[in-house]
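Engineer: Mind looking over this structure? Questions follow.
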Amino acid sequence: MTDRFKQGMVFTDEVTLSAELVGRFADFSGDHNPVHLEPAAARGFGYARPFAHGAILTAIVSRIIGMKVPGPGAVWMSQNMEWLKPLFVGETVRVEAEITEVSTGASVLHLALRAFNQQGEAVMNGQAKVKMAAQLAVAETSDQEKETRVALVTGGSRGIGAAAAQALAAAGYHVALSYHSNQSAANEVASRIREHEVRCQTYPADLSNEDAASELVRKVTRDFGRLDVVMHAASQPLKSLSVMELSPADYRDYWRVHVEAALALVKAAVPGMGERRFGRLIFLGTSALFGAPPAKMAAYVSAKQALWGAVRCLAQELGPQQITANMISPGMTITELTDNIPARMKEAEARKVPLRRLAVPEDIASVVAFLASDASAYLNGQNIPLTGGPT
7 MTDRFKQGMV
17 FTDEVTLSAE
27 LVGRFADFSG
37 DHNPVHLEPA
47 AARGFGYARP
57 FAHGAILTAI
67 VSRIIGMKVP
77 GPGAVWMSQN
87 MEWLKPLFVG
97 ETVRVEAEIT
107 EVSTGASVLH
117 LALRAFNQQG
127 EAVMNGQAKV
137 KMAAQLAVAE
147 TSDQEKETRV
157 ALVTGGSRGI
167 GAAAAQALAA
177 AGYHVALSYH
187 SNQSAANEVA
197 SRIREHEVRC
207 QTYPADLSNE
217 DAASELVRKV
227 TRDFGRLDVV
237 MHAASQPLKS
247 LSVMELSPAD
257 YRDYWRVHVE
267 AALALVKAAV
277 PGMGERRFGR
287 LIFLGTSALF
297 GAPPAKMAAY
307 VSAKQALWGA
317 VRCLAQELGP
327 QQITANMISP
337 GMTITELTDN
347 IPARMKEAEA
357 RKVPLRRLAV
367 PEDIASVVAF
377 LASDASAYLN
387 GQNIPLTGGP
397 T
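Sequential numbering of the sequence shown, starting at 7, is according to my numbering.
In structure tokens form, the structure reads like this:
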């Protein structure tokens, strides 16, 4: 919050001290001193007409502190004021509060206070110290929520990505759909998305290329004007190779798509999310991150493990901007990626699950829609095991 305020900034308020205002203040404070209320009494004490209570200036300062600098939640810690000359009833007074020091660590502002009558003459000088309070239990809201948000789904032409894109569209999001090479499949998914009366545009992107992810975000932001949700579901084809069979290139293939592309998407998308104080980063993990991993999947599992570490760090670093980062880790899911797994192995896996079935893309998609929504605002830095029971 301290970054909103800089040394030298001046905040002002102006009030006409009418007889009615002075009378109301006298009733509130109980200070019915006749020099403030009765012309004859004021003349008797040597004043041409009644003058206002000096404490009214304190009330105006309080309004500046509570409503402008630093505003709601402010705690007034100390003050020192000197009244230089009287303010007569009917005059207009201008009060100024200038920031003379910002204590970032303590979240404290030091203010120089000044007040002037309508002739421009100084009537009060002083100092104040106020503490800026942060909201501790109220979620931030923004006018941006009234606008339709935009979600980017990578790997959106099939499987989990396609299901997630359709779930987001059903929830009212405009959808940017990226795909590797199957344009006809992407167009078919986009057609189903548009049935929800939201916008959808498809983007070919080979996320194994170094600049592809940042260029993808640039295009989406150009075409939609904003980007609020990133769902990274793109994946390399699964290779069943033992550690002894894997080459450095095999590891790099997974790393580029699952980790490097993910972080490039984040780096390109976060500035806009930060400006709007809203962002959802959702990554696809694997239940193999829990317990004993399957055999011959070291390259895939190690890339997902690295991505999970990055997600935890993103949650810490981006949380202050109201940007959340979470991972969904499903068990074996019926998609094209698992077509090469023998049916008997799938049956064995299904028997291990308390629900006695494997996951389908729609199971993951419903959780994606939740994580993209306002309802998930306090869920951050989590890896959600979607396994149909204990992992």
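Yeah, the Cβ is synthetic: ideal placement off N, Cα and C, and Gly gets one too.
Since this is a predicted model, take the numbers as computed values, not measurements.
Within the chosen definition, does the region 211-230 reach the region 170-184 through at least 3 CB pairs nearer than 8 Å?
Structural biologist: Touching, per the Cβ criterion.
Engineer: Spatial neighbours of Ala211 within its chain, please: C-beta separation below 6 Å, excluding the five flanking residues on both sides.
Structural biologist: Contacts found: Ser184, Ala218 and Leu222.
Engineer: Once the 5 residues before and after Ser220 are set aside, which same chain residues still bring their CB inside 6 Å of it?
Structural biologist: If we look at Ser220 and ignore the five residues flanking it on each side, its Cβ neighbours are Ala270 and Ala274.
Engineer: Taking one C-beta from the region 281-300 and one from the region 318-329 each time, how about it: are there three or more such pairs within less than 8 Å?
Structural biologist: Touching, per the Cβ criterion.
Engineer: Give the DSSP bridge partners of Leu115, in chain order.
Structural biologist: Per DSSP, Val108 and Val136.
Engineer: Run through the DSSP bridge pairs and tell me what Trp89 is partnered with.
Structural biologist: In DSSP, Trp89 forms a bridge with Met130.
Engineer: With DSSP as the reference, please indicate the residues paired to Asn389 in a beta bridge.
Structural biologist: Met333.
Engineer: Strictly by DSSP, which residues pair up with Pro210?
Structural biologist: Tyr185, per the DSSP bridge assignment.
Engineer: Express the C-alpha separation of Ser335 and Pro360 in angstroms, rounding to a whole number.
Structural biologist: The alpha-carbon atoms of Pro360 and Ser335 are separated by roughly 17 Å.
Engineer: Rounding to the nearest angstrom, what Cα-Cα distance links Glu20 and Leu119 in this structure?
Structural biologist: If I take the Cα positions, the gap works out to 14 Å.
Engineer: Here's the rule: buried if 16 or more other CB atoms are within 10 angstroms of the residue's CB, otherwise exposed. What is Pro2?
Structural biologist: The first residue shown for the chain is 7 and the last is 397, placing residue 2 beyond what the model contains.
Engineer: Apart from the five residues on each side of it in sequence, which residues of its chain come closer than 6 Å, Cβ to Cβ, to Thr208?
Structural biologist: Correct list, in chain order: Leu183, Ala192 and Ala196.
Engineer: What separation, rounded to the nearest whole angstrom, lies between the Cα atoms of Ala301 and Met279?
Structural biologist: Taking the straight line joining both Cα atoms gives about 39 Å.
Engineer: Could you pull the start and end residues of the alpha helix (DSSP H) that Arg49 belongs to?
Structural biologist: Element bounds for Arg49: Pro45 to Gly50.
Engineer: Are the region 92-110 and the region 124-138 in contact at 8 Å, needing three or more beta carbon pairs?
Structural biologist: Enough Cβ pairs lie closer than 8 Å, so yes.
Engineer: Can you list, in chain order, the residues of its chain whose CB lies under 6 Å from that of Ile71, leaving out five sequence neighbours each side?
Structural biologist: Taken in chain order, the residues that qualify are Ala80, Trp82 and Val136.
Engineer: Got a sec, what are the start and stop residues for the beta strand (DSSP E) Met15 sits in?
Structural biologist: Run containing Met15: none; DSSP gives neither H nor E here.
Engineer: Assign Thr227 to one of three DSSP states: helix, strand, or coil.
Structural biologist: Thr227: helix per DSSP, three-state reduction.
Engineer: Thinking just about the alpha-carbon of each residue, which of Leu295, Leu23 and Leu343 is nearest to the one in Lys245?
Structural biologist: With distances taken between Cα atoms, Lys245 lies closest to Leu343.
Engineer: At the level of alpha carbons, what is the spacing between Asp37 and Ala25?
Structural biologist: Going by the C-alpha atoms only, they are around 14 Å apart.
Engineer: Is the beta carbon of Asp256 sitting closer than 8 Å to the one on Leu247?
Structural biologist: Contact: yes.
Engineer: Flag this pair as yes or no: are the beta carbons of Gly126 and Thr154 separated by less than 8 Å?
Structural biologist: No, the pair does not count as a contact, with Cβ atoms beyond the cut-off.
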